[in-house]
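Taking UniProt numbering, the leading residue of the sequence shown gets 1, the next gets one more, and so forth. Glycine is no exception: its CB is placed at the ideal position from the N, C-alpha and C atoms. Structure first, commentary second.
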Amino acid sequence: MAVVLSLLARATPLPVPGLRAWVGGAWLVFVALLLLGLRDWIPPIASITLGNGALVLAYIVWLAGSAWHFGQRIDFRFWLAIWAVVLAVVTWFAYGAPSFRARVVIVAGLCAYIGIYHAYFLLRHPRATSRFGKSIGITLTTSWLGLLAAVYGLRALHASILPQGNSGLLTQDAIQIIYTSCFTICNLMLVIGFATMASDYVRALIEERSIRDPLTGAFNRLALRESLEREHSHSLRSQQKFCVVMVDVDHFKKINDEHGHLVGDRVLVHLCERMQTLVRSRDVVARFGGEEFVIVMLDTSLPEALQAARRILSEATHLGDTSLPSFTISLGLAEWSVEDGSIDALVSRADAALYAAKVKGRNRLEIAENPVPSGPPPVALTPT
Numbered sequence: 001m002a003v004v005l006s007l008l009a010r011a012t013p014l015p016v017p018g019l020r021a022w023v024g025g026a027w028l029v030f031v032a033l034l035l036l037g038l039r040d041w042i043p044p045i046a047s048i049t050l051g052n053g054a055l056v057l058a059y060i061v062w063l064a065g066s067a068w069h070f071g072q073r074i075d076f077r078f079w080l081a082i083w084a085v086v087l088a089v090v091t092w093f094a095y096g097a098p099s100f101r102a103r104v105v106i107v108a109g110l111c112a113y114i115g116i117y118h119a120y121f122l123l124r125h126p127r128a129t130s131r132f133g134k135s136i137g138i139t140l141t142t143s144w145l146g147l148l149a150a151v152y153g154l155r156a157l158h159a160s161i162l163p164q165g166n167s168g169l170l171t172q173d174a175i176q177i178i179y180t181s182c183f184t185i186c187n188l189m190l191v192i193g194f195a196t197m198a199s200d201y202v203r204a205l206i207e208e209r210s211i212r213d214p215l216t217g218a219f220n221r222l223a224l225r226e227s228l229e230r231e232h233s234h235s236l237r238s239q240q241k242f243c244v245v246m247v248d249v250d251h252f253k254k255i256n257d258e259h260g261h262l263v264g265d266r267v268l269v270h271l272c273e274r275m276q277t278l279v280r281s282r283d284v285v286a287r288f289g290g291e292e293f294v295i296v297m298l299d300t301s302l303p304e305a306l307q308a309a310r311r312i313l314s315e316a317t318h319l320g321d322t323s324l325p326s327f328t329i330s331l332g333l334a335e336w337s338v339e340d341g342s343i344d345a346l347v348s349r350a351d352a353a354l355y356a357a358k359v360k361g362r363n364r365l366e367i368a369e370n371p372v373p374s375g376p377p378p379v380a381l382t383p384t
């Protein structure tokens, strides 16, 4: 599984934060199990000290990988200090006062603590929590971390309470075989969990990029249409209004000509970021094309949308970066009506209102005219 995880790290089309740490941890577990399994064939310093040291270090590296995966860092000095102390104590109980029982309590107890802490991190971290129900990898990893911590905890408790007799790591008694098998299976499944987390991350990132404009980070036209169709269907069922705002940067070609296209791009990014802070998190901000944006205000009537649009007009062009040129925007606002018939008709009305704002001098907001009823023309009555 360490080989599989290594190949996955090389083959993944996008960088996955923490994946290389998970790969390193998998190889450390492999080395640890190899050294521990050669207990009677190699010196105790290699099997006991280095074997247990590699195992504990693997769990610390895995914890660091999960932290990196979610944009955090662990205090390596703290964890490495604990690792060094445990290594020294284990060595003492291998040479100074040989005790298999003491080594089991120390190593298994620490591994149980790291496993619990790791699982707690995944359960409590906001980004992990938001993905928990959607990510098979996080669910799988957390479950096996909990199980591994329970097995280590039981082993430490068993060794601390009950005498171990002549038991050793490779003793062929039922209890030791059960514990060793559980450790092996849990570590194997943890590697599978990390591989699944990496796969989930790449899939989610590809899906996110497929619906986002690469320059501004706003939704693209595909995502905009899906949002409009979804809200249109909802409004047909509930008769709840929603509004569309078309936003266009005034004289954008002049900005590109005078300041360059890179500055023009920064203007669009700035505008998009400002608009996203001025609307609700559930509203949709999408790049319609060029310097034109569309905002879908969900479950919003015209008076509420008008207030929000006025706020966008007055505040979205505020510049915190003095290196950007000043600019203005024009807006066209339309409220959905059953007379629209389709989302294209609604967007066309908002676009017509935007055009009217341009004609009337720019840097202003215009409201779309009500749609013309699509029903049959009235019947002319003749006097009898």
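Using a 10 Å radius around the Cβ and a threshold of 16 neighbouring Cβ atoms, would you call Glu229 buried or exposed? exposed
Checking 9 Å against the spacing of the C-beta atoms, do Ala204 and Ser135 come in under that value? For Ala204 and Ser135, yes; Cβs fall inside 9 Å.
With a threshold of 16 other CB atoms inside 10 Å of the CB of Glu335, please say whether the residue is buried or exposed. buried
I need the straight-line Cα distance from Leu157 to Leu57, nearest angstrom please. 22 Å
Please work out which residues of its chain come closer than 8 Å, Cβ to Cβ, to Arg212, disregarding the five sequence neighbours upstream and downstream, and give them in chain order. Ala218, Phe219, Asn220, Ala223
Under a three-way DSSP split, which group does Val338 fall into? helix
Alpha carbons only, please: which of Glu366, Leu190, Phe93, Ser227 is nearest the one belonging to Asp351? Glu366
Which residue spans inside the segment 33 to 113 form an unbroken alpha helix (DSSP H) run of at least 4? 51 to 69, 76 to 91
Can you check the segment 136 to 214 for any alpha helix (DSSP H) of at least 4 residues that lies completely inside it and give the ranges in chain order? 136 to 161, 174 to 210
For Thr196 and Ala21, I'd like the C-alpha separation in whole angstroms. Answer to the nearest angstrom: the Cα atoms are 15 Å apart.
Does the segment 23 to 39 come close enough to the segment 68 to 75 to have 3 or more Cβ pairs within less than 8 Å? no
If we require 4 or more residues per run, which alpha helix (DSSP H) segments fall completely within the segment 246 to 331? 252 to 259, 261 to 278, 302 to 315
Cβ neighbours of Lys358 in the same chain (closer than 7 Å, five flanking residues each side left out): Once the five neighbours on either side are set aside, the close Cβ partners of Lys358 are Ser330.
Could you check the C-alpha separation between Leu306 and Gln239 for me, to the nearest Å? 19 Å
To the nearest angstrom, how far is it from the Cα of Arg103 to the Cα of Thr49? 10 Å
Counting C-beta neighbours from all protein chains within 10 Å, is the total for His261 16 or more, i.e. buried, or is it exposed? With fewer than 16 Cβ atoms within 10 Å of its Cβ, His261 is classed as exposed.
Glu226 in three-state terms, based on DSSP: helix
Looking only at its own chain, which residues have a Cβ that is under 6 Å from the Cβ of His232, when we skip the five neighbours before and after it? Sequence-distant partners of His232 (beyond 5 residues in either direction) whose C-beta falls short of 6 Å from its own C-beta, in its chain, are Ile343.
Cβ distance (whole Å) where Asp250 is taken to contact Arg362 below 8 Å: Indeed they touch by this definition, with Cβ atoms about 4 Å apart.
According to DSSP, is Leu333 helix, strand or coil? strand
Is it buried or exposed, Val85, if we count other Cβ atoms within 10 angstroms and call 16 or more buried? When all chains shown are included, Val85 counts as exposed.
When DSSP labels each residue in this structure, what does Leu14 get in the three-state scheme? coil
Can you pull the DSSP bridge partners for Ile367? Leu333
In the DSSP assignment, the alpha helix (DSSP H) including Arg349 goes from what residue to what residue? 343 to 359
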